[in-house]
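Here is the structure we will look at, set down as structure tokens.
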Amino acid sequence: MKLKVGVMFGGESVEHEISIISAAQAMAAIDRDKYEVYPIYITKDRLFYSGDVLFDMDIYKDLKALEKKATQVTFYRKGNGVVMSNINRGLFAKETNIDVAVLVMHGTNGEDGALQGYLETLKLPYSGSDVIASAVGQDKVIMKHILENSGLPLTRWFWLYSNDFTKDKDMYVEKAKDLGFPVIIKPACLGSSIGITTAHNEDEFVSAIKESSQYDRKLVVEKMVRELKEVNASVLGNATKHKVSVLEEVYKADNEDILSFDKKYTAGNGKMGAKGGNTKGSGASKGMASTARIIPANISDAATTYITQLASDTFKALGSSGVCRIDFMIDGESNDIYVNEINSIPGSLAFYLWEKSGVNFTELMDTLIKLAIDRKRDQEKMIFSYDTNVLSGFKSDSFGNKKR
Ligand SMILES: Nc1ncnc2c1ncn2[C@@H]1O[C@H](COP(=O)(O)OP(=O)(O)O)[C@@H](O)[C@H]1O
Ligand SMILES: [Mg+2]
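So the sequence shown is residues 7 to 410, counted in my numbering.
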């Protein structure tokens, strides 16, 4: 029997649309001789839908039509497994067993541990990092604390709650001056460069904080690398066994301070919503695979070796698993190398890096599914409950009033 794989994507996130593209690419790559694929689309309102119509990219352009043609579903445990069932069941529930979930969600509610927690509760194996690693990877403040404590190199930084800024403005301005302008301000828990601002002096700093505060209560302020080279690595595996891909170098336009959302996802022909979907259509929107890049990165062998090691160390320090992308910054003035961030579920699942590393997309999906199942097996070896007679010492009236 083929394993039934539920591919989850969408969700209430600013990266909703990017996730649809990544999922279309991933579903097309999964080996149908081994796996049966069930698309599971989560709307921005957190409704779960399934059905074959979800293989067609055009359906996402018209949510009303999607809601009519696809089936709203829910999940529950039944026997030893998890079933997906239609919500509007009339007389009958149409139940499908799902053996493993492949998560192709980006950003809040999908990449940050929330969905992972739900799947843990269901005891449904899922691809990628577990609850804690996902949560840590999504919060730049916590991530930086861990990386710093693990001895990994970071640009100088501090963080603040936006609420505190108005109270202690002078103190924070001093802190920014101490880092030295220009600085870059990032909402702690977003992604895709959304809400990121830069400041070249005190006045700009005050307005930049205001601007970024609209996106998160928690903000990171970092010293800005002026002559920036951005190099990324993907890591595939788990804490005990993983490998690092070849490195890529990504580009921003000369007139841009940072690699913007548009630049990341819509370079070249990568506009959302093009045809392609389920098939390996060349016209499919390329998502993260469309960014301007060089593979392998045009850097020295020594820098490549160092970054490869840092990628592995970062993956381990954060407790990650599955396929991640770890982003680095090289300061062209000093040649210093910094870890910037981890993307626990990277755009396009970083397949374009693995293709250049001898792992094709189908093998990548196969590995992700296997890692998910292995983790579940490992968990099952752990002791989560044991027999006790604690309840025998409880009197039957110990809960007091039995009325609701
Ligand atoms: N310290 C920095 N100096 C210069 N540019 C930076 C710095 N940090 C981030 N950037 C730029 O901003 C982009 C987005 O920042 P990043 O931390 O990766 O946030 P996100 O999670 O939104 O991708 C990076 O790809 C890079 O172009
Ligand atoms: Mg980034």
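Idealized CB from N, CA, C, for every residue including glycine.
Exercise for review: Have a look at the DSSP bridge pairing and note the partners of Phe15.
Suggested key: The partner list for Phe15 (beta bridge, DSSP) reads Tyr47 and Val110.
Review point. Quick one: does the C-beta of Glu233 sit closer than 7 Å to a heavy atom of ligand 2?
Key: Answer for Glu233: no, Cβ out of range of ligand 2.
Check your understanding: Grouping DSSP H, G and I as helix and E and B as strand, with all else coil, what is Val252?
Key -> Coil at Val252, not helix or strand.
Check your understanding: With 16 as the cutoff for other CB atoms within 10 Å, does Gly399 come out buried or exposed?
Key -> So Gly399 ends up on the exposed side.
Review point. Does the Cβ-Cβ distance between Met111 and Gly12 come in under 8 Å?
Key: Judged by beta-carbon spacing, Gly12 lies beyond the 8 Å limit of Met111, meaning their Cβ atoms are not closer than that value.
Point to revise | Cβ-based burial, Leu72 [other Cβ within 10 Å; buried from 16] | key: Around the C-beta of Leu72, 16 or more other C-beta atoms lie within 10 Å, and the residue is accordingly described as buried.
Exercise for review: Please report how far the alpha carbon of Val20 lies from the alpha carbon of Gly353, in whole angstroms.
Suggested key: Rounded to the nearest whole angstrom, the C-alpha separation of Val20 and Gly353 is 13 Å.
**Study point:** Gly289 versus Tyr358: straight-line alpha-carbon distance, rounded
**Key:** At Gly289 the pLDDT is 35, less than 50, meaning the model places this residue with poor confidence; the figure from the coordinates comes in the next sentence. Going by the C-alpha atoms only, they are around 16 Å apart.
Practice item. Would you list, in sequence order, the uninterrupted alpha helix (DSSP H) runs of no fewer than 4 residues that lie entirely inside the stretch 76–141? Key: Here the runs fully enclosed are 120–128.
Point to revise | C-alpha distance - Lys277 paired with Asp68, whole-angstrom precision | key: In this prediction, Lys277 scores a pLDDT of 31, lower than 50, which makes its location untrustworthy; the coordinate-derived value is nonetheless stated afterwards. It is roughly 16 Å from the alpha-carbon of Lys277 to the alpha-carbon of Asp68.
Exercise for review: Could you give the DSSP three-state label for Met230: helix, strand or coil?
Suggested key: Of the three classes helix, strand and coil, the one that applies to Met230 here is coil, per DSSP.
Practice item. Compare the C-alpha of Thr161 against each of Ile343, Ala107 and Val396 and name the closest. Key: It is Ile343.
Exercise for review: Using DSSP bridges, identify the partner residues of Arg331.
Suggested key: Residue pairing by DSSP places Arg331 opposite Ser240 and Asn349 in a beta bridge.
Practice item. Give every residue whose Cβ lies closer than 7 Å to any heavy atom of ligand 2, listed in chain order. Key: The chain-ordered list of residues whose CB is nearer than 7 Å to some heavy atom of ligand 2 reads Gly197, Ser199, Asp333, Asn346, Glu347 and Asn349.
Check your understanding: Can at least three beta-carbon pairs, one atom from the stretch 101–117 and one from the stretch 344–351, be found at a separation below 8 Å?
Key -> Look at the beta carbons and you see the stretch 101–117 touching the stretch 344–351: at least three pairs across the two are nearer than 8 Å.
Practice item. Taking the CB atoms as reference points, tell me whether Pro45 and Ser28 lie closer together than 8 Å. Key: The answer is no: Cβ separation not under 8 Å.
**Study point:** Cutoff 7 Å; reference Ala323; Cβ partners in own chain excluding five residues on either side
**Key:** Result list for Ala323: Ile152, Leu153, Ser156 and Leu158, in chain order.
**Study point:** Cα-Cα separation between Asp39 and Met371, rounded to whole angstroms
**Key:** As the crow flies, the alpha-carbon of Asp39 is around 13 Å from that of Met371.
Point to revise | Exposure label - Phe3; buried when at least 16 CB within 10 Å | key: Past the boundaries of the shown model lies residue 3; the chain is included only from 7 to 410, so the question cannot be answered.
Exercise for review: Can you have a look at Met388 and say buried or exposed, based on whether 16 or more other CB atoms are within 10 angstroms of its CB?
Suggested key: Under this definition Met388 is an exposed residue.
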